[in-house]
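*Asks:* Let me give you the structure first, and then I'll get to my questions.
2 protein chains.
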Amino acid sequence: MTRTIEVVHSTNKKPKPNADNIAFGKYFSDHMFVMDYSEEKGWYDPRIVPYAPITLEPSAMIFHYGQTVFEGLKAYRTPDDRILLFRPEKNFRRLNLSSERISIPAIDEELALVALKKLIEVEKEWVPALEGNSLYIRPFIIATEPNINLTPANSYQFMMILSPVGSYYKEGIKPVGIYVEDEYTRAVKGGTGTAKTAGNYAAAYKAQERATEKGYSQVLWLDGVEKKFIEEVGSMNVFFKVNGEVITPELNGSILEGVTRMSIIELLKDWGVPVIERRISLEEIYQAYDRGELEEAFGTGTAAVISPVGELNWGQRNMVINNREMGELSRKLYDTLTGIQTGKIEDRYNWTVEV
Amino acid sequence: MTRTIEVVHSTNKKPKPNADNIAFGKYFSDHMFVMDYSEEKGWYDPRIVPYAPITLEPSAMIFHYGQTVFEGLKAYRTPDDRILLFRPEKNFRRLNLSSERISIPAIDEELALVALKKLIEVEKEWVPALEGNSLYIRPFIIATEPNINLTPANSYQFMMILSPVGSYYKEGIKPVGIYVEDEYTRAVKGGTGTAKTAGNYAAAYKAQERATEKGYSQVLWLDGVEKKFIEEVGSMNVFFKVNGEVITPELNGSILEGVTRMSIIELLKDWGVPVIERRISLEEIYQAYDRGELEEAFGTGTAAVISPVGELNWGQRNMVINNREMGELSRKLYDTLTGIQTGKIEDRYNWTVEV
Ligand SMILES: Cc1ncc(COP(=O)(O)O)c(C=O)c1O
Ligand SMILES: Cc1ncc(COP(=O)(O)O)c(C=O)c1O
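Here the protein sequences come in this chain order: L and C.
Residue numbers are given in this note's numbering: position 143 of the first sequence equals residue 1035, and the series is strictly consecutive.
Residue numbers are given in this note's numbering: position 22 of the second sequence equals residue 914, and the series is strictly consecutive.
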């Protein structure tokens, strides 16, 4: 890594939002990281600059053909005032995998990590101190070429913006009700489900709307082919504990490989808890429930870390899981992961990266 | 329709591109139509303004979650110097159907048509006179709210931009070679295939890349579930003439309903040519080919109108259709449709709208 990252400091510092009650996704720090791509130069001019609007031609490809990918990770402040990132190299790896699917040129993952650390150093005051709060990091790439011909762009911009966020669980962890979506499809083999790309997300709003109307907080997605096999929950991966064994859908070509998911699998293996990645039918989960063997269910993702499922609804069939309480294993996973992320528990896995 | 559309004239007129050789999608006229949406006001402030860049926050939802839809249609100059649109109300209808799928608020379709006519009046010099050239119209909507929370936006912008385009067939119509894609999937039932939304298009680049590498010009898409049934060709609908009968995939929840497709079906019915919309397996087409009954195949869309298929390749199985020549029916459809569009043939169907 030889490239230097220029820093232009902002002279107009914004007030920080009230730490007790930060709405997700609305506040952004004073600086951002930007890097451009052209066919001739490749990725060039990595720089940290004041947070500012983007100006693009109306014909910029991002507005027409969806060539864009993103990531989401967090920086945490430890009790002894250090700042930690959680497995950030996995996010840049995944960003490049997403880009590959969407025909976007790969970035230098090491440079991206160096840049992120530098950006957070510049913005260290924006990493909240209040327990449960954190600094959400949003790397993203957009196709900027002004051309509505249907072909991959020859110019892109890679950016990282930072947003302080409140605790996902301000009132303690409450298991949520989930609604099985059997009409809308999130992703299908051969599609873009394995990539974190914009089109997957807006496409999911209709199903979320329906879940909300019916009084559930999120959607359980089934496979797009047979509508029988479990894929994800909202925008989280999903795990079930059945008769002492933990199962989660395998990486089948349509689900996203979560960093939280991979960390949980590693933790469970380390703890000697049986954990299996395989195809899981919804029917199988109902049968385990009927036999009294469905012990816990939870979603996993950067935002919530662990989101216990208290109820699962599939038309006439309804399950109340673990009496709508957070399970013992879910709790242990949550405490361990958040403990490592915030530096309260020793990081035996070398997952955290100090800024 | 009572709303007035304000017009701000550009003082800086651009030169027009050389009519003999206009690259698709790179040139834009001097003005554009813009209209904003907010939750409080609904769609407001419809206006024609000088063509100019868009400025958005880096957190604008369009950059993250893909809430965007678009359309594509053309304005044609007739030999007696009138300007015609081809079934533009169908495009605004489809825009709203796409928006519905992507949780974008509907626009007033009548207002959009009035606005488009007014915009083209202002830009009438941009409608090319050279035979085969036309003015491509790109209406699109983007989510503008600066918020990375995963939820439908509360602000949007609707725009229409105009791009002069050259003839699709500068060297006469040549049937193309098509490659059957059996790994990547364009769309699946319950997904977004019926909507003209950005995410569908970037997702198709990988397959197009592979087709190009193998020497074919476009991809034939199969259904996402069984990978057996024919859906579309590139970004066109597809028709086959088998033993005197014309067949085309039915509107099955994953293909886009093309305006060219619907016009062709209406023409054929009017001509007394049997035309059937139904599920079509690729196997069936090969069998018809083996029996010597596959007479013609063609894609249909606004850009090419009719694109005859001269070769269809599916791994080891290869078909050369109609001796790589344009079929009689394809030719008649092409001549009739382009004749109506450009005012050279009487429009008995009331399809054209004069500006
Ligand atoms: C579709 C989808 N699945 C799963 C996840 C969970 O991934 P991670 O644990 O890396 O946050 C996310 C969120 O990033 C997601 O968008
Ligand atoms: C996916 C797809 N299918 C088919 C079509 C053809 O539609 P139309 O005839 O309205 O141009 C288009 C182009 O608009 C398209 O994008």
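The beta-carbon is built from N, C-alpha and C at its ideal position, and this holds for glycine as well.
Can you pull the DSSP bridge partners for His923/L?
*Replies:* Beta-bridge pairing links His923/L to Pro942/L.
*Asks:* With 9 Å as the C-beta to C-beta threshold (strictly closer), list the residues of the stretch 1065-1092 of chain L near chain C in chain order.
*Replies:* So the list reads Glu1073, Asp1074, Glu1075, Tyr1076, Thr1077, Arg1078, Ala1079, Val1080, Lys1081, Gly1082, Gly1083, Thr1084, Ala1087, Thr1089, Ala1090, Gly1091 and Asn1092, given in the order they occur along the chain.
*Asks:* Report yes or no: is there a C-beta of chain L within less than 9 Å of the C-beta of Ala1094/C?
*Replies:* True, the Cβ-Cβ gap to chain L drops below 9 Å.
*Asks:* Between which residues of its own chain and Pro1020/C is the CB-CB distance below 6 Å, once the five residues before and five after are set aside?
*Replies:* For Pro1020/C, where only same-chain residues beyond five positions count, the Cβ hits under 6 Å are Ala911 and Pro1056.
*Asks:* Strictly below 8 Å CB to CB, what residues from chain C border Ser995/L?
*Replies:* By Cβ distance, chain C contributes Ala1094, Tyr1097, Lys1098 and Glu1101.
*Asks:* Taking contact to mean at least 3 C-beta pairs separated by less than 8 Å, is the stretch 1238-1247 of chain L in contact with the stretch 1199-1209 of chain L?
*Replies:* No, they do not touch.
*Asks:* Between the beta-carbon of Ser921/C and the beta-carbon of Tyr968/C, is there less than 9 Å?
*Replies:* For Ser921/C and Tyr968/C, no; Cβs fall outside 9 Å.
*Asks:* May I ask you to list the residues that DSSP assigns as paired with Lys933/C?
*Replies:* Paired residue(s): none; Lys933/C is not in a bridge.
*Asks:* I want to check one thing, is the minimum distance from the CB of Met1128/C to the heavy atoms of ligand 2 below 8 Å?
*Replies:* Within the cutoff, so yes.
*Asks:* With a threshold of 9 Å between beta carbons, is Met893/L in contact with chain C?
*Replies:* Confidence at Met893/L is low in this model, with a pLDDT of 46, below 50, so the placement of that residue should be treated as unreliable; the coordinate-derived value is given next. So no, Met893/L is outside the interface.
*Asks:* Going by beta-carbon coordinates alone, are Ile1053/C and Pro950/L separated by less than 9 Å?
*Replies:* Yes, they are a contact pair.
*Asks:* Cβ closer than 8 Å: which chain L residues qualify as neighbours of Gly958/C?
*Replies:* What Gly958/C touches in chain L: Gly958, Thr960, Thr1089, Ala1090, Gly1091, Asn1092, Tyr1093, Ala1094 and Ala1095.
*Asks:* Within the present structure, is the beta-carbon of Lys1088/L separated from the nearest heavy atom of ligand 1 by less than 8 Å?
*Replies:* Yes, the beta carbon of Lys1088/L sits closer than 8 Å to at least one heavy atom of ligand 1.
*Asks:* Looking at the secondary structure, which residues open and close the beta strand (DSSP E) in which Pro1031/L lies?
*Replies:* Per DSSP, Pro1031/L belongs to the beta strand (DSSP E) from Ser1026 to Ala1035.
*Asks:* Does the distance between the C-beta of Asn983/L and the nearest non-hydrogen atom of ligand 1 fall short of 8 Å?
*Replies:* Because some heavy atom of ligand 1 lies under 8 Å away, the Cβ of Asn983/L counts as near it: yes.
*Asks:* With a CB to CB cut of under 6 Å and the five nearest residues on each side skipped, what residues in its chain are close to Ser1127/C?
*Replies:* Cβ within range, chain order: n/a, list empty.
*Asks:* Please report the residue range of the beta strand (DSSP E) in which Tyr968/C lies.
*Replies:* Unbroken beta strand (DSSP E) run through Tyr968/C: Leu965 to Arg969.
*Asks:* Use the C-beta contact count for Asn1092/L: other C-beta atoms within 10 angstroms, 16 or more gives buried, fewer gives exposed.
*Replies:* Burial call: buried.
*Asks:* So, at 8 Å on beta carbons, what are the nonlocal neighbours of Thr1084/L in its own chain, with the 5 sequence-adjacent residues on each side left out?
*Replies:* Taken in chain order, the residues that qualify are Arg993, Ile994, Gly1091 and Asn1092.
*Asks:* So that I know if they touch, is there some Cβ in chain C lying closer than 9 Å to that of Glu1123/L?
*Replies:* By this cut-off, Glu1123/L is not an interface position.
*Asks:* Count the other C-beta atoms from every protein chain shown that fall within 10 angstroms of the C-beta of Ile1177/L, then say buried if there are 16 or more, exposed otherwise.
*Replies:* Buried, because 16 or more other Cβ atoms sit within 10 Å of the Cβ of Ile1177/L.
*Asks:* If you measure between the beta carbons of Gly958/L and Ala1094/C, is that distance less than 9 Å?
*Replies:* In contact: Gly958/L and Ala1094/C (Cβ atoms closer than 9 Å).
*Asks:* Taking 8 Å as the line, does the beta carbon of Ala1004/L fall inside it for any heavy atom of ligand 2?
*Replies:* Incorrect: Ala1004/L has no Cβ contact closer than 8 Å to ligand 2.
*Asks:* Taking 8 Å as the cut-off, does the CB of Glu1073/C come closer than this to any heavy atom belonging to ligand 2?
*Replies:* Because no heavy atom of ligand 2 lies under 8 Å away, the Cβ of Glu1073/C does not count as near it: no.
*Asks:* Let me check you understand the geometry: is the CB of Ile1147/L closer than 8 Å to at least one non-hydrogen atom of ligand 1?
*Replies:* For ligand 1, at least one heavy atom lies less than 8 Å from the Cβ of Ile1147/L.
*Asks:* Flag Arg986/L as yes when its Cβ comes closer than 8 Å to any non-hydrogen atom of ligand 1, and as no otherwise.
*Replies:* Flag set: Cβ of Arg986/L near ligand 1.
*Asks:* Using a C-beta cutoff of 9 Å, does Thr896/L count as contacting chain C?
*Replies:* By this cut-off, Thr896/L is not an interface position.
*Asks:* Heavy atom of ligand 2 less than 8 Å from the Cβ of Tyr1241/C, yes or no?
*Replies:* Not under cutoff, so the answer is no.
*Asks:* Please work out which residues of its chain come closer than 8 Å, Cβ to Cβ, to Ile1147/L, disregarding the five sequence neighbours upstream and downstream, and give them in chain order.
*Replies:* Once the five neighbours on either side are set aside, the close Cβ partners of Ile1147/L are Ala1079, Gly1085, Thr1086, Glu1123, Glu1124, Asn1129 and Pro1141.
*Asks:* Considering only residues of the same chain and omitting the five flanking positions on each side of Val1134/L, which have a CB-CB separation below 8 Å?
*Replies:* Answer for Val1134/L: Ile1177, Ala1180, Glu1185, Leu1186 and Glu1187, listed in chain order.
*Asks:* Measure from the alpha carbon of Gln1100/L to the alpha carbon of each residue in Glu1075/L, Val961/L and Val1245/L, then state which is nearest.
*Replies:* Selected option, being the one with the closest Cα: Glu1075/L.
*Asks:* Among Gly917/L, Arg895/L, Met924/L and Phe916/L, which has the Cα closest to the Cα of Lys905/L?
*Replies:* Out of Gly917/L, Arg895/L, Met924/L and Phe916/L, Met924/L has the C-alpha closest to the C-alpha of Lys905/L.
*Asks:* So if I threshold CB-CB distances at 7 Å, which residues from the stretch 1151-1164 of chain C count as touching chain L?
*Replies:* Listed in sequence order: no entries.
*Asks:* Which residues, taken in chain order from the stretch 1026-1047 of chain C, show a beta carbon closer than 7 Å to some beta carbon of chain L?
*Replies:* The residues in question are Arg1030, Phe1032, Ile1034, Asn1039, Ile1040, Asn1041, Leu1042 and Pro1044.
*Asks:* On the CB-based measure, 16 or more other CB atoms within 10 Å of its CB, does Val1072/C come out buried or exposed?
*Replies:* So Val1072/C ends up on the buried side.
*Asks:* Going along the chain, which residues of its own chain have a beta-carbon closer than 8 Å to the beta-carbon of Arg1171/C, five neighbours each way excluded?
*Replies:* Hits under 8 Å: Phe1121, Pro1141, Glu1142 and Asn1144.
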